[in-house]
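Enquirer: Numbering (this note's numbering), first residue to last: 5 to 1230.
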Amino acid sequence: MPRRQFVNDFQDIRPDSLPHGIHSLKQGEDDGQFTFTFAGDPSAPLPQPVTVTALITDLAEYPKSHEYMLFSDDNAPLYIGSALQDVRGTARKPVVELIGIVSAALTKAAPDKDGDTEMEDSQGLDEEESLGEEEDDDQDDVYDSDHEAFGSSTGVATSAYQATSSSAKVAASSRAFRARIRSDLITAKHAGFKVGQVGHLMEGLNCFVSISIRMSKLGISYEAMQAWQVKPEEYLVLIIQYPNGYKTSEELQALDSLRLAPNLGFRVCASKHYKPTLQEAIQAFTVVSKADSRDNVSSSVTTNAIPQSEDVSDGGGLRETFISKPLNSLLQERLVPILRSRAIGMTWRGAEGWYVESASRGPSNAKGIPDAFFEPEPMNEALPDIVNADHHAFGLGKKSFEKSFPLLAMQFLLRHFVRCTDFCLVCHRPLETEVEAIKPYVCDQPLCLYQYMTLGFGPSIEHEILSQPYVVDLLISFCYVSTAMRRLKDFPDGLALMVPPINPSGTDIPDQLHVPSYRRAEMTKDPSAANKATCSSCSTYEVGLDPDRLEMIFHDKPERCPVRRGSWIVFKASEFRHGEMHCRVADVTYYPTIKIDTPVTMTNRSNFDSEGPADITWATSKTFGTLSKTITPAATPKWINATFQVYEQDFEDLTKHAKCIAICRLLDTLPNVKCMQEYLSRNRPNDLKSWVDRISPAALSLLRWIIASNRACIMQVDGDTAVQDTNRVSGMKGYMQFRFAMGAPDKEQRFLTAIRDTKERLGLQYPTIFAWHGSPLHNWHMIIREGLHYKNADHGRAYGDGVYHAKDASTSISYSGMQFYSPGGAANSLAWPQSLLRINSALAMNEIANAPTEFRSSNPFYVVQNLDWIQTRYLFVQCNPVDEVLKDRLQSESAPKQIYHQDPSRTPIGTGRDRVEIPARAVKTVESTKTSGKKGKGVRRRESGQSPLKRLKGNGGFADPIAVDETDNSASDMTDSEDADMFLDESDSEPESDGANAVASNKKSPVSGTGDTDFMPGALDYGTLPLMPVPVYAVSGTTKRLLKELQHLQKVQQSSALADLGWYIDVDKIDNVYQWIVELHSFQCLNPKLPIVTEMKNKSMKSIVLEIRFNKDFPYTPPYVRVVRPRFLTFAQGGGGHIVMGGAMCMELLTNTGWSSVSSMESVLMQVRLAIALSEPPARLDVRAHSDYGTGEAADGYLRACATHGWTVPPGFKEMAYGMGRKRAY
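#1: Please classify Q15: does DSSP put it in a helix, a strand, or coil?
#2: What number of angstroms, rounded off, separates the C-alpha of A488 from the C-alpha of R842?
#3: Who are the near neighbours of L335 in its chain, counting only those whose CB is closer than 6 Å to its CB and skipping five residues on each side?
#4: Need the endpoints of the beta strand (DSSP E) that L549 sits in, please.
#5: Count the other C-beta atoms from every protein chain shown that fall within 10 angstroms of the C-beta of P496, then say buried if there are 16 or more, exposed otherwise.
#6: Who are the Cβ neighbours of N332 in its own chain at under 7 Å, not counting the five residues just before and after it?
#7: Would you list the residues sitting across from Q875 in a DSSP beta bridge?
#8: By a C-beta neighbour count over all protein chains shown, 10 Å radius and 16 as the cutoff for buried, is V889 buried or exposed?
#9: Could you check if N1115 is buried or exposed, using at least 16 other CB atoms within 10 Å of its CB as the buried criterion?
#10: Per the DSSP calculation, S275 is bridged to which residue(s)?
#11: Please work out which residues of its chain come closer than 6 Å, Cβ to Cβ, to R344, disregarding the five sequence neighbours upstream and downstream, and give them in chain order.
#12: Could you give the first and the last residue of the continuous alpha helix (DSSP H) run that contains G471?
#13: Report yes if the CB atom of H777 is closer than 7 Å to the CB atom of A848, and no otherwise.
#14: Between the region 897-908 and the region 767-786, do three or more beta carbon pairs fall short of 8 Å?
#15: Give the DSSP-derived three-state secondary structure of L1090 in the structure shown.
#16: What number of angstroms, rounded off, separates the C-alpha of A468 from the C-alpha of R419?
#17: Can you look up K1103 in the DSSP assignment and give me helix, strand or coil?
#18: Nearest-angstrom Cα distance between K763 and V868?
#19: Quick one, which of R1126, M73, L22, V721 has its alpha-carbon nearest G1201's?
#20: Please name the residue, chosen from I874, A810, R893, D887, that lies closest to L840 on a Cα-to-Cα basis.
#21: Within 10 angstroms of the Cβ of G914, are there 16 or more other Cβ atoms? Answer buried if so, exposed if not.
#22: Identify the continuous alpha helix (DSSP H) that holds I390 and give its terminal residues.
#23: Measuring only the C-alpha atoms, how far is F865 from T911?
#24: Among S1160, V592, L707, which has the Cα closest to the Cα of G196?
#25: Can you tell me the Cβ-Cβ gap for V241 and S220, rounded? I've got them flagged as a contact below 8 Å.
#26: What three-state label does DSSP hand A775 in the structure shown?
#27: Which residues bound the alpha helix (DSSP H) around A386?
#28: What residue range is occupied by the uninterrupted beta strand (DSSP E) comprising M740?
#29: Out of curiosity, what's the CA-to-CA distance linking V174 and H204?
#30: Where G583 and M606 are concerned, what is the direct C-alpha to C-alpha distance, given to the nearest angstrom?
#31: Under 7 Å Cβ to Cβ from K493, same chain only, skipping five residues before and after it: list those, please.
#32: How many whole angstroms separate the CB atoms of G200 and Y278, which I take to be in contact at a CB cut-off of 8 Å?
#33: When you compare each of D872, D1018, N844, V721 to E897 by their alpha carbons, which one comes out closest?
#34: What residues in its chain sit with their C-beta under 6 Å from that of T1017, if we drop five residues either side in the sequence?
#35: Work out the CA separation of T1157 and W1211 for me, nearest whole Å.
#36: Can you check the region 327-378 for any alpha helix (DSSP H) of at least 4 residues that lies completely inside it and give the ranges in chain order?
Here it is in structure tokens:
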């Protein structure tokens, strides 16, 4: 409630946390009024303290859309009153923020110790006036006008900072400054991220730095990506804005909160490109105003001008992720303070915990930091190394105290993005629960749930209704049945729901239904619950109701109107056959006559017949009047006697029994999902909140809670169209099918690891089997939130502890019904009346390890005790759809085109006693069957003068030319030239530049020729190199991709200077597209102090020769990269550069574990060259060797490296790597 929220906010303010100069904070005489005393800055106190009074004009609007009135005592100085009148940006602010804004404004206006007031220049005044005029149209600025970076809220600290801005720009333009930027960004690049920049980064002016990584490299399962609305080929992009020029980690940690916000900004986005355009970057930090902003979220949450997470399109532009808002807030508010704690030795977990601890108890109570915050944090082995990497613990900078802020920010982001289910989305504390979920949620604090719902951090229910209406129907039905059966464990407490008064003795309670005696006794364990649930403070009003004009009039006019416009009320009258009606008050202007909106009429549930519940309707005024008149055929008076009650029962004050009744009543008032879908399709913006005359705020909040609290990924297979029939399982006629996934984001990886270990240990041909798991319908609401476990024993455990599975669907179906019956045998009396599916039972089909001998029991049930051996795949729902077309579609089925091959002895049985056939594309555990391409007819002779790229088009040699589609978008995202130049060191002859000259001096002119290098192309004798024969496994698709890569590399090579590029491919010498010879050179351009620079020069070597081989699955498997010559020292001999014994490159990127199918060969060459050029430890030549590396020893070294690091070897590696070749001395 607004008043309660105001009181809580006021009481949470501690005296020691008040701003400087503010004391004596206390509440006023009226609601929403409070006073405090301003004594001035401690360095220049006022002669006489001033009392300031703040008043919230309408407390009912707190904390969403309220406004403040500020005034001072009559004897206050004139500048105090003037400053209070000029205070801007106070609307919608909490009490503590308002006090801070007023304190900053008064401190700025007060005279200093010499009696002088601060004067602002004309430019500053103009800007402030402009901001003031456009306070409601703040979409044109990086921050809105309420932000502390503008106006009076910046206080003296901002002025002090601005005074030093000119000198800072001079320092920012120096060579040392640019070198530090380059070092920070190269460190982030070496850590495995793509780095980009937009704006004037090197000039020390406003700029954006982007750090990104492919979603496919984050170890997130495909099911989690579906639930999170991201795609594997997309980048997770962190955009860091530096409005006043780049700041290092040390500089940012030295800034206080007032100075930090104007110098730093964060946005978390997703895109098909690794960096945003300038326009996209500006839009990401632009705050757009909403026409109905007063009815929406608080101003503390910004809405950006980029698409939301649900607006997923194929355009590939920048958009928000599903949790961008909470992550933006987390980075902006906590990252820098957390880094300060990390600098003294804390881990991420310790620093985050200390931040929460110190913020909750205040700095004055801090008596040292407990040792618990310095304890090491265990590593999640299921996550990729790049997610677990810690720059603070394993710093890559040249100096231990110099840390790359962009890298630290990205690692912090990955921690909370990949592991988002481990943290509360509002307070960001670790969740203290054993529940594993695929979607993030909030902790048990009611305030967190309230903010999660009201601040827009949860999923868009409108998007879910538009895209998956039957999933929404399913979720509501699960909740309704669980509530009606009194099995609901977690309630929507904390949402400030105001529900209709509960009358347990009325006929609207589902308890009137006929259920088995043991269940009915369980549902009514507390006989006094009815009396406890009665709302004694909820008044009942007698009125006359005019059904034709939708008006009511009070017979006994209360002194004050008990309702207001927008209030929801519930009517009851003995003359109504509909039982009760819910409606919204439309107008109270002509009180005691009240205008109402069209009511929602509901049938009394105790009158259900054997055919089940009647539909709840949204009556029109015409039918409403007609229905009322048909009650009494005689002359009907204009006013019908009725009673009504207001939605004013606080949901949190009810008992659990009464809460269940309240939830059912609210869900009864909702329209069906198709009606909601049609409304959203007709109206723009598509927001159910605007359907005020049909859905009550309490019902909408409850609907939002049902959808947002679902922590499983459910994707409908069956729908209004047959588009998704490729995922349909055969053998389950009459059941509606949903793809189904539960568990943490790394659950799939843990499952695959367990299956792989089991397969190797038992030598299995079929590593997994499928089986059924059934559970009563009222359990599914909690199953999709908690996952499968065996903490509760609903049906006993005759065969031991574990999750029970059946081979036959009929066995699980017997455990899956509602287990209650209405008069006449109908089994859906407790179902949601508005459901279009009208579900009767549900069961899951799970994929489990094929190790029955290791189960707790394998006959007659599979009792699986190891939860990592279980992965849900499908959810089957038995239903009786309202839509006849959908009903007919469920009765027809066809076998999948490509079938997943199961263990013949353990294939699950469906409803028709037939074996269940599963689509191969729906199972990722074992590679699905593939159709082999046509083989070439022969090999043609090489024609003289033919383009080397044209003659390579074909199935691995010169046969069957393939037309390369230049518009194919399968190529990877290439690094921009400006970003590549950013990593190059400045030449020693470049003069120092400062000020405005820095802009011109850093713009590099185009280069030509070989540049600063002694490498000469074409000097390599290919006759001394091993020759790989044309592979028999060559396929046209792979050849086409390799040709495109060669074409792109040739264009890059022709348009870039050799020294800048650092690699060279002689395309004319390539006879086999599956084997490339690449020369790496010009390492002195990266770091002239590298040992290999001197050693190569002493041995007159101009390049390092690499051989790159590809197998048939490229780009879905990585290339094989090895050094041919010269030989290098091994790690044991003091070498480095990621070159192992045998010459193979030891990089996770080049294994199945770290490889991404969207990686380009240009990026591979760049990363290999940078890896060899690493200085920790450096690569060293073996000056005693005089022979090339052999193919066999290189392949052996690669396999050893993979085994050592736990990396996955690509399939077909041995066939590719051990190809025959020659080896000669040079």
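We put the beta carbon where it would ideally sit given N, CA and C, even for glycine.
Expert: So, from the listed chains and residues:
#1: helix
#2: 15 Å
#3: F270
#4: 545-550
#5: buried
#6: F270, R271, V272
#7: E851
#8: exposed
#9: buried
#10: Y239
#11: Q257
#12: Before going on, a small fix: residue 471 reads as Ser here, not Gly. Where S471 is concerned, the enclosing alpha helix (DSSP H) stretches over 465-471.
#13: yes
#14: yes
#15: coil
#16: The sequence shown places Glu at residue 468, rather than the Ala named in the question. Cα to Cα, E468 sits roughly 27 Å from R419.
#17: coil
#18: 17 Å
#19: R1126
#20: D887
#21: buried
#22: 389-392
#23: 14 Å
#24: S1160
#25: Going by Cβ atoms, the distance from V241 to S220 rounds to 14 Å, so no, they are not a contact pair.
#26: strand
#27: First-last for A386: undefined, no H or E at that position.
#28: 739-745
#29: Interpretation of V174 is limited by its pLDDT of 40, a score under 50 that renders its predicted location unreliable; the figure taken from the coordinates is listed afterwards. The alpha-carbon atoms of V174 and H204 are separated by roughly 14 Å.
#30: 6 Å
#31: M786
#32: 6 Å
#33: V721
#34: L1062, A1063, S1086
#35: 6 Å
#36: 328-346, 352-365
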